[in-house]
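*Asks:* Got a structure for you, questions after.
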Ligand SMILES: [Ca+2]
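Numbering (the numbering used here), first residue to last: 27 to 290.
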């Protein structure tokens with residue numbers, strides 16, 4: 027008996043997201059949507075003929091595929107037992123962009139495994155506009171160059187992590203901290219170090235129900251009033267150095283002038 031020419035799949039499953047249209051062996055083109063937080067995907071094909079082989083993007087099907095934000099073409103190639111008959115199924119996977127909100131020159135972006143996760147009630151408030159108790163309890167020793175950001179993200183995955191990125195209008199020093207307001211703690215503003223500071227972007231992660239989640243409940247919602255603080259020593263170091271440098275230069279010039287006068 028000649029080897030089979032069956033290069034069909036009997037199933038095609040994604041580790042995240044659903045195929046559209048629904049899988050059918052004779053349908054070769056699909057699309058799927060995943061949330062921004064989904065960075066890799068495993069595509070699992072099942073061949074209709076157990077003697078056929080399938081690769082995903084030219085490699086073993088179990089290899090996770092990195093997803094860029096936007097469209098990602100994934101090719102599943104099936105080779106029939108005859109070694110000649112080939113069929114290619116294609117899945118166009120769209121990874122959602124970050125949800126963002128912008129105010130007073132500062133942009134907030136969030137990422138979460140859930141596609142339904144939505145920013146609500148985002149407010150950007152300059153220090154001077156903060157409510158009395160929040161303003162009066164801001165710790166000394168920091169420069170507050172950017173607005174406080176008060177946001178709520180809802181319909182996110184319960185118990186998940188929310189990745190938060192702030193993009194500020196200026197470069198952030200590496201020793202900057204974020205301060206989170208919690209009226210029930212003493213002092214109410216608690217500082218924490220972001221997971222990453224790069225250029226004008228600061229990134230950190232909140233765990234639903236964790237210490238940085240203002241509602242302290244595992245409920246798929248994140249509540250987070252924060253402000254960026256730059257340690258005042260760092261914020262002032264450059265002008266201070268400049269002043270000293272000018273003073274020392276002036277002293278050196280005076281000393282030189284005095285030496286010349288004495289040695290005429
Ligand atoms: Ca929560």
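C-beta atoms are modelled at their ideal positions from N, C-alpha and C, and glycine is treated no differently.
These numbers were taken from a predicted model, which means no experiment stands behind them.
1) Could you check if residue 242 belongs to the surroundings of ligand 1, using beta carbon to heavy atom distance under 8 angstroms?
2) Are three or more beta carbon pairs between the region 74-85 and the region 31-41 nearer than 8 angstroms?
3) Within 10 angstroms of the Cβ of residue 44, are there 16 or more other Cβ atoms? Answer buried if so, exposed if not.
4) Does at least one heavy atom of ligand 1 sit under 8 angstroms from the Cβ of residue 17?
5) May I ask which residues mark the beginning and end of the alpha helix (DSSP H) holding residue 159?
6) With a threshold of 9 angstroms between beta carbons, is residue 211 in contact with chain B?
7) Could you check how far apart the C-beta atoms of residue 67 and residue 47 are, in whole angstroms? I think they sit under 8 angstroms.
8) So which of 210, 172 and 211 has the shortest CA-CA distance to residue 202?
9) Name the residue from 95, 109, 116 and 65 whose alpha carbon lies nearest to the alpha carbon of residue 83.
10) Any chance you could list the beta strand (DSSP E) runs of at least 3 consecutive residues sitting entirely within the region 157-232, in chain order?
11) What residue from 123, 149, 185 and 257 has the CA that sits closest to residue 204's CA?
12) Please state whether the Cβ-Cβ distance between residue 159 and residue 209 is less than 9 angstroms.
13) Work out the CA separation of residue 233 and residue 243 for me, nearest whole Å.
14) Per DSSP, which residues does residue 60 bridge with? Please list them.
15) How would you call residue 218, buried or exposed, if buried means at least 16 neighbouring beta carbons within 10 angstroms?
16) From the DSSP output, in three-state form, read off residue 255 for me.
17) On the premise that residue 176 lies in contact with residue 71, defined as a C-beta separation below 8 angstroms, what is that separation, rounded to the nearest angstrom?
18) Would residue 248 and residue 227 qualify as a contact pair, given that the criterion is a beta-carbon distance under 9 angstroms?
19) Given a cut-off of 9 angstroms on the beta-carbon distance, is the pair residue 140 and residue 88 in contact?
20) In angstroms with no decimal places, state the Cα-to-Cα distance between residue 58 and residue 142.
*Replies:* So, to answer that:
1) yes
2) yes
3) exposed
4) The structure shown does not extend to residue 17, since the chain spans only 27 to 290, so no value can be given for it.
5) 158-162
6) Included in the structure is just one protein chain, with no chain B present.
7) Their Cβ separation, rounded to whole angstroms, is 19 angstroms, which puts residue 67 and residue 47 out of contact at 8 angstroms.
8) 172
9) 116
10) 174-180, 187-193, 203-207, 215-218 and 222-224
11) 257
12) yes
13) 10 angstroms
14) 121
15) exposed
16) strand
17) Contact doesn't hold; Cβ gap of about 47 angstroms is too wide.
18) no
19) no
20) 15 angstroms
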